[in-house]
Every structure is written in C-alpha cells, then in structure tokens.
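Sequence positions in the sequence shown follow this note's numbering and run 7 to 249. Here is the structure we will look at, set down as structure tokens.
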Amino acid sequence: MSEIPALVDALIGPVVAMLLTTMVLSYLIGDNPLFRIASHLFIGVAAGYAGALAARSVLWPGLVQPILQAGLGGLIQPAAVLTLIVPALLALLLLLKVVPGASRLGTFSTAFLVGVGAAVVVGGAITGTLIPQSLAAMGTLNPAVVSPQTGETGLERVVNVIVVLVGTVSTLAYFRFTMRRKPAGSAKGAGPITLAGRALSAVGRSFIALAFGVMYAGALSGTLLILAQRIQSLWDALLGLLP
7 MSEIPALVDA LIGPVVAMLL TTMVLSYLIG DNPLFRIASH LFIGVAAGYA
57 GALAARSVLW PGLVQPILQA GLGGLIQPAA VLTLIVPALL ALLLLLKVVP
107 GASRLGTFST AFLVGVGAAV VVGGAITGTL IPQSLAAMGT LNPAVVSPQT
157 GETGLERVVN VIVVLVGTVS TLAYFRFTMR RKPAGSAKGA GPITLAGRAL
207 SAVGRSFIAL AFGVMYAGAL SGTLLILAQR IQSLWDALLG LLP
C-alpha cells in the first residue's frame, strides 16, 4: 500500500507539467480559455512566490525583526528613526496606493522608489556600460602592450580597435541633431548639417541595426531552445506514463 502514494507523487509532477505545457502550446492554434487559464496560473504563482520571498527575505529580517528587537526605547533613537521608522512609514504609504480614496498618499513613496531606481540604473549604466565602452574605444594600438594582455596580433588589434571606435562614434553621431537657422532666425528641420555627419550617422544606424539584429537572434534562439526543451519534456512525460 505504501507504494501507491509514492507512485502518485511520482506521477503528479510529470502530469501537471505535461498539462500546463499543452495548455500554453495551445496558443499556436489561437487564443483560447486553456491558454488564458495557464497564463493566469503562472502569473498568480509568480506573484505569490515573489510576495512570499519578499516578506521572508526582505520585510521580516530587514524591518519587522529589527523593530521587535529594538523595542519602544530603541525606536526613539535617531538611527532607528532613519533606518526603521521612515522605511516603515514609506511602506505603509505605498500600500495605500491600492485604496481608491487614499491612493494619493502613496505618491511620495512611489516617487522615492522611482527616483532611487532611476539613480541606480543611471549609475549602473555609467559605470557598467558608458565608461567601459569609452575605455574600449580608447584602446592602445601598440602590439607590445596589447599582446601580453590579450594575445592579439598587431593587425587583429588594429581591426578590433577601429571597429569599436567607429561603432561608438557613429552611434553617438546618429543621436546628434542640430538646427539650421534661416536668415530670419527661424529654425529649419532637425538633422546633421554636413554630408560627413549624414554619412557618419548612416554608419551608426547600421551598427544599431546590427546590434538589434544580434539581440533579436539571441532572444529567438533562446526561445527556440526553451521550446525544444519543453517538447522533449512533454515527450519524456508521455513515455513515462506508457506501460
């Protein structure tokens, strides 16, 4: 008798996975209730898991537990006010966004989150993308310096640096627009004012198109890989259910 629950447990996972995979793949024949049920199920499970993870890993150890440990006497300290009371008030105000009559009270918390998030994103873009890209565009062409570091030959290094430099400058030139003024002082059409500028922006447009094409190809290949894995898992589940 003990083998029956073990057999049921072994079958639940593959059967549920097979059903959900089939429901999602049913979108290939058009939008249908099965696909919507699977989508809502995935979104609900993901939201519930994210909420539980945030409550367990962020709110409890970072806010609730320190407040309980500090007690009433510790909460009146300046450090506790800044690190515990203010975050708690911001969190409570943010929860009011779901209340129709009090949603405006959560605007400050939302603005604070957006501002901090934007600062983090901009700082990460500058230190993680802009500065490394600028340093790569300023790479040395001296083989004696480069060869011990990267193993590149002189010609290979020259080609790499030229491609990076031209791609960086032309892409930046594509987003540079100026205004040509008429004699009367009115503005006339935005666009590069010289033939060299137009040619450089065209090269930048080609680099941008190439970058988007590479990203799309990577996303498509990753999606096809996931699809192949799901089809293989569906096939394995079917084989496992057969006697």
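Think of the CB as a built atom: it goes at the ideal place given N, C-alpha and C, for glycine as much as any other residue. The model shown is predicted, which means the values in this text are computed figures rather than measured ones.
Classification of residue i by the beta-carbon crowding that lies within 10 angstroms, buried from 16 upward
i: Thr221; result: The residue you asked about is not Thr; residue 221 is Met in the sequence shown. When all chains shown are included, Met221 counts as exposed.
i: Ser140; result: exposed
i: Ser227; result: exposed
i: Thr135; result: exposed
i: Gly130; result: exposed
i: Gly224; result: exposed
i: Arg182; result: exposed
i: Gly121; result: exposed
i: Ile123; result: In the sequence on display, residue 123 carries Gly and not Ile. Classification of Gly123: exposed, given that the 10 Å Cβ count is below 16.
Whole-angstrom distance between residue j and residue i, CA atom to CA atom
i: Ile35; j: Met24; result: 18 Å
i: Ala5; j: Arg110; result: Residue 5 is absent from the model: the chain starts at 7 and stops at 249.
i: Phe206; j: Asp37; result: Before going further, note that residue 206 is Leu rather than Phe in the sequence given. Using only the alpha carbons, I get a separation of about 45 Å.
i: Val167; j: Pro138; result: 13 Å
i: Arg236; j: Phe218; result: 27 Å
i: Ala243; j: Leu47; result: 21 Å
i: Arg62; j: Leu245; result: 39 Å
i: Ala58; j: Ala208; result: 50 Å
i: Leu201; j: Leu240; result: 58 Å
i: Gln83; j: Ala234; result: 58 Å
i: Phe114; j: Ile49; result: 28 Å
i: Glu162; j: Ala56; result: 47 Å
i: Ile232; j: Val22; result: 18 Å
i: Leu98; j: Leu171; result: 50 Å
Cβ-Cβ distance between residue i and residue j below 9 Å
i: Ala44; j: Val30; result: yes
i: Ala108; j: Leu100; result: no
i: Gly203; j: Val175; result: no
i: Leu81; j: Ile91; result: yes
i: Leu17; j: Leu247; result: yes
i: Ala3; j: Ala60; result: Here the chain comprises residues numbered 7 to 249, so residue 3 is not present and cannot be evaluated.
For residue j and residue i, believed in contact at Cβ under 8 Å, the rounded distance
i: Phe118; j: Leu88; result: Contact flag wrong, Cβ pair sits at about 14 Å.
i: Pro106; j: Leu69; result: Not quite, the Cβ-Cβ distance comes to about 26 Å (not below 8 Å), so this is no contact.
Chain-order list of residues whose beta-carbon lies under 8 Å from that of residue i (same chain, five-residue window excluded)
i: Pro33; result: Residue 33 is actually Tyr in this sequence, not Pro. Taken in chain order, the residues that qualify are Phe41.
Sequence-distant residues of the same chain with beta carbon closer than 6 Å to residue i, five excluded per side
i: Leu26; result: Ala44
i: Ile73; result: Leu90
Own chain, CB closer than 7 Å to residue i, minus 5 neighbours either side, in chain order
i: Phe213; result: Gly173, Ser176, Thr177
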